[in-house]
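Asks:
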Amino acid sequence: MLIDVRPILHTPGKRLDFQFALDLSDLEFNGRTPVNESVTVRGEIRNSADVLHLELTAETTLDAVCDRCGKEFRQEKTVPYSCVLAEEVQSEDNDEIVLLENGKVDAEDLARTAFILDMDTKTLCSEDCKGLCPRCGADLNLGPCSCKKEIDPRMAALAKLLENN
Ligand SMILES: [Zn+2]
Ligand SMILES: [Zn+2]
784 MLIDVRPILH TPGKRLDFQF ALDLSDLEFN GRTPVNESVT VRGEIRNSAD
834 VLHLELTAET TLDAVCDRCG KEFRQEKTVP YSCVLAEEVQ SEDNDEIVLL
884 ENGKVDAEDL ARTAFILDMD TKTLCSEDCK GLCPRCGADL NLGPCSCKKE
934 IDPRMAALAK LLENN
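Numbering-wise (my numbering), the sequence shown opens with residue 784 and increments by one.
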């Protein structure tokens with residue numbers, strides 16, 4: 784989505800609002816396509832003292848899979864992004880600068896890139912997901928599995944050995 788910012792380019796105090804839907808259903812991530820709902824992007828561009836600030840938020844619900852227990856779950860995702868728009872490169876600012884092309888900015892491209900960069904490399908159904916038992920494969924979030932009892936006597940024996948040394 785190309786946004787023409789020329790109407791506010793030299794008018795401090797003016798702003799432009801925008802909103803559009805982004806289709807990222809093709810986006811492959813770890814061999815899956817987690818973005819099956821359209822991504823809603825809302826934002827604004829404002830001229831503040833003749834500097835153009837763009838701010839946007841991309842929001843959707845992902846079809847995620849927990850890396851630890853393999854459970855499928857719905858994950859709310861909100862990605863904020865901001866930058867400064869300029870007609871030419873200015874180097875003294877720390878903000879990310881995006882150059883205008885013929886007075887226009889491709890907000891869809893910015894939102895898409897921000898969203899992809901923000902995808903977590905690790906996905907967990909919850910911060911303290913206990914995962915699956917490496918021996919029997921039981922979901923340890925549902926409670927301890929029966930393997931525990933087999934390990935305990937050996938650990939106890941080992942502890943005894945160490946004590947005797
Ligand atoms: Zn999990
Ligand atoms: Zn087990």
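By construction, the Cβ of each residue, glycine as well, lies at the ideal position given by its N, Cα and C atoms.
Keep in mind the model is a prediction, meaning the values are calculated, not measured.
Per DSSP, H836 is paired with what?
Replies: R829 and V867, per the DSSP bridge assignment.
Asks: So, for E870: in the same chain, excluding its five sequence neighbours on each side, which residues have a beta-carbon less than 6 angstroms away from its beta-carbon?
Replies: The answer, listed in chain order, is L883.
Asks: Given this structure, state the Cα-to-Cα distance separating E838 from C866, to the nearest angstrom.
Replies: Those two C-alpha atoms are separated by around 7 angstroms.
Asks: Which two residues bound the contiguous beta strand (DSSP E) that contains I786?
Replies: That run of the beta strand (DSSP E) goes L785 to D787.
Asks: What's the C-alpha gap between C849 and R789?
Replies: Distance between the alpha carbons of C849 and R789: 45 angstroms.
Asks: Sort out for me which residues DSSP pairs L754 with in a bridge.
Replies: Nothing in the structure corresponds to residue 754, since the chain is present only between 784 and 948.
Asks: Could you compute how far the alpha carbon of T823 sits from the alpha carbon of C928?
Replies: Roughly 42 angstroms between the two C-alpha positions.
Asks: Which one of K860, I791, A897 and E910 has the shortest CA to CA distance from P817?
Replies: Nearest C-alpha to P817: K860.
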